[in-house]
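Q:
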């Protein structure tokens with residue numbers, strides 16, 4: 001199992017550009033989520049999905065879109081990048097119904113800089 | 116609203132000294148609580164789950180419902196414990212909410 005795979009690892013965008021951060025998991029996890037990590041603010045939930053075709057907003061959804069057409073993939077789209085979106089982005093997944101038995105599995109992160 | 120608070124952004128102790136990283140939560144239901152650790156520029160790794168009452172790498176954490184706390188403790192710190200530690204709560208709608216994180220530095 002590869003676990004949770006994120007691509008790219010690094011990206012520099014110009015203000016106004018769009019891009020998609022990819023996230024894939026091979027553990028057949030129903031639940032997937034995107035976080036951004038900023039100094040002093042911890043990890044904040046952007047969007048999450050409890051299964052294919054179902055997505056919902058987290059704490060900081062503005063400026064981001066998601067879709068979940070398959071169980072494996074959960075891409076995060078930046079429609080028009082802004083410097084405030086400079087951050088490290090983490091994708092995470094877990095199996096539903098496991099309660100506290102298992103935590104989330106995290107990807108290695110995408111470091112995004114918007115200039 | 117579900118919220119997790121880690122009051123200390125930075126914590127520095129000497130090798131061999133006891134360590135306690137504080138975490139308080141607010142959630143109207145019965146939360147499931149976790150501690151995650153992030154070593155330098157690596158992905159987050161699950162350290163502890165409150166439901167399992169386990170000890171990992173010498174760390175333990177006890178859920179205190181009266182004080183709504185889930186502090187992380189280790190009796191004797193080691194240099195390799197230097198990392199960023201996040202407390203997290205799994206609450207409604209399966210959302211995992213994190214605290215702001217505490218950067219632990221172990222001095223030799």
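Residue numbers (the numbering used here), protein chains in the order written: chain A, 1 to 115; chain B, 116 to 223.
Using N, Cα and C, we set each Cβ at its ideal position, and we do this for glycine too.
(1) Quick one: residues in its chain with C-beta nearer than 7 Å to the C-beta of residue 178 (chain B), no 5 flanking neighbours on either side, listed in chain order?
(2) So for residue 177 (chain B), helix, strand or coil by DSSP?
(3) If you compare alpha carbons, which of A:104, A:56, A:23 and A:14 is closest to residue 72 (chain A)?
(4) Do you know offhand how far residue 167 (chain B)'s Cα is from residue 77 (chain A)'s?
(5) Run through DSSP, which three-state label would residue 169 (chain B) get?
(6) According to DSSP, residue 23 (chain A) sits in a beta bridge with which residue or residues?
(7) Report the three-state DSSP secondary structure of residue 84 (chain A) (helix, strand or coil).
(8) So, is residue 152 (chain B) buried or exposed, given that buried needs 16 or more other C-beta atoms within 10 angstroms?
(9) Measuring CA to CA, which of A:93, A:94, A:2 and A:61 is closest to residue 84 (chain A)?
(10) Can you tell which of A:30, A:38 and A:2 has its C-alpha closest to the C-alpha of residue 110 (chain A)?
(11) Quick one, which of B:124, B:128 and B:144 has its alpha-carbon nearest residue 204 (chain B)'s?
(12) Which first and last residues belong to the beta strand (DSSP E) in which residue 189 (chain B) is found?
(13) Look up residue 153 (chain B) in the DSSP assignment and say whether it is helix, strand or coil.
(14) Please say whether residue 201 (chain B) and residue 136 (chain B) have beta carbons closer to each other than 7 Å?
(15) Whole angstroms are fine: how far does the CA of residue 9 (chain A) sit from the CA of residue 100 (chain A)?
(16) Could you check where the beta strand (DSSP E) with residue 127 (chain B) kicks off and where it finishes?
(17) Between residue 57 (chain A) and the rest of its own chain, which residues show a CB-CB distance below 7 Å, the 5 nearest in sequence each way excluded?
(18) Name the residue from B:156, B:138 and B:146 whose alpha carbon lies nearest to the alpha carbon of residue 120 (chain B).
A: Inspection of the coordinates gives the following:
(1) Within the second chain, numbered from 1, the residue matching residue 178 (chain B) stands at position 63. For residue 178 (chain B), where only same-chain residues beyond five positions count, the Cβ hits under 7 Å are 148, 165 and 185.
(2) Looking up residue 177 (chain B) in the second chain gives position 62. Residue 177 (chain B) falls in the coil class under three-state DSSP.
(3) Within the first chain, the letter at position 72 stands for residue 72 (chain A). It is A:23.
(4) The sequence position of residue 167 (chain B) within the second chain is 52, counting from 1. The sequence position of residue 77 (chain A) within the first chain is 77, counting from 1. Using only the alpha carbons, I get a separation of about 37 Å.
(5) Walking along the second chain from the start, residue 169 (chain B) turns up at place 54. In this structure, residue 169 (chain B) counts as coil in the three-state DSSP scheme.
(6) By one-based count along the first chain, residue 23 (chain A) stands at place 23. A:6, per the DSSP bridge assignment.
(7) The residue you call residue 84 (chain A) lines up with position 84 of the first chain. If DSSP states are grouped into helix, strand and coil, residue 84 (chain A) belongs with the helices.
(8) What you label residue 152 (chain B) is simply residue 37 of the second chain in a count that begins at 1. Burial call: buried.
(9) Within the first chain, numbered from 1, the residue matching residue 84 (chain A) stands at position 84. Here the closest residue by C-alpha is A:61.
(10) For the purposes of this step, residue 110 (chain A) is identified with residue 110 of the first chain, where counting begins at 1. Looking at the Cα atoms, A:38 is the closest of the given residues.
(11) Your numbering for residue 204 (chain B) matches position 89 in the second chain. When each option's Cα is compared against that of residue 204 (chain B), the closest is B:144.
(12) Against the second chain, residue 189 (chain B) aligns to sequence position 74. Residues 187-189.
(13) Working through the second chain from its first residue, we reach residue 153 (chain B) at position 38. Here residue 153 (chain B) sits in strand by DSSP.
(14) The residue given as residue 136 (chain B) occupies position 21 in the second chain. The residue given as residue 201 (chain B) occupies position 86 in the second chain. Contact: no.
(15) Start at 1 with the first residue of the first chain, and residue 100 (chain A) comes out as number 100. Start at 1 with the first residue of the first chain, and residue 9 (chain A) comes out as number 9. Because the pLDDT at residue 100 (chain A) is just 49, under 50, the model does not fix this residue reliably, and the point stays unresolved.
(16) Counting from one through the second chain, the residue named residue 127 (chain B) turns up at place 12. Element bounds for residue 127 (chain B): 125-129.
(17) By 1-based counting over the first chain, the position of residue 57 (chain A) is 57. Counting only Cβ-Cβ distances below 7 Å, and skipping sequence neighbours, we find 47.
(18) Within the second chain, numbered from 1, the residue matching residue 120 (chain B) stands at position 5. Minimum Cα distance to residue 120 (chain B) is reached at B:138.
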